[in-house]
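If you use my numbering, the sequence shown corresponds to residues 2 to 185, in order. In this text, a Cβ means the ideal position worked out from N, Cα and C, and glycines have one as well. Okay, structure first, notes after.
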Amino acid sequence: MHTTRRETTPNQTIRINSHDVLGVGSVKSLFGTAPGFWNTLLGAMAQLPSSLLANEQIMTKLAIFSLPIVRVVDYFAGATNAMRCDVTCDSDSSIRATALYAHENLEPCVGECVVAFCCAVLAGHVQAGVQFPEEAIAGGESAVSVLSLASVGAHTKEVSGGGDLKVDDVWGAPNRDVITEALR
């Protein structure tokens, strides 16, 4: 599970929330995409003034202009979306694990994740309300409930590292009927 892609550190609230909500001492979050110019473009967008980014008319025009370009690039380069989580512990070097999750296309992935979260809320595995996932998901069974549903369409689900951690511990048992079960 080694990546050769260039990664950048995005301005993500998950880094702060993982520390504040989950009590994780140090959190590092990286983002990378291909082709590499997307990283540069996203970095440039982050430098735009907030007033410009908040201007709905301008952003709508930018979206309409850029969508065909994105579609053409995705057609030739692919639209795979992946997340990797590396866990290490400074005080215990035996604590080391990596989880990898990848979808062929970002759009269905987002839809599947929204459905997974909603099903987990309806089944009572996750507290209802408006919050960040790390605030709503307590871990353990709650996390497996969401991740098992979100990973249904994934083409890659891997877990590696020390200890007895298995794919099913992170992503849940491979069960496509879990959505029906969650809604009962």
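| Check | Outcome |
| --- | --- |
| Alpha-carbon spacing of A103 relative to A137, whole angstroms | 23 Å |
| N18 and F133 closer than 9 Å at C-beta | yes |
| Y76 versus G154 - alpha carbon distance | 20 Å |
| For S161: DSSP bridge partner residues | T99 |
| Distance, A100 Cα to S161 Cα | 7 Å |
| Between the CA atoms of G24 and H126 - distance to the nearest angstrom | 21 Å |
| Opposing strand residues paired with R72 [DSSP bridges] | DSSP lists no partner for R72. |
| Opposing strand residues paired with A83 [DSSP bridges] | A103 |
| Any 3 or more C-beta pairs closer than 8 Å across the segment 143 to 151 and the segment 32 to 42 | no |
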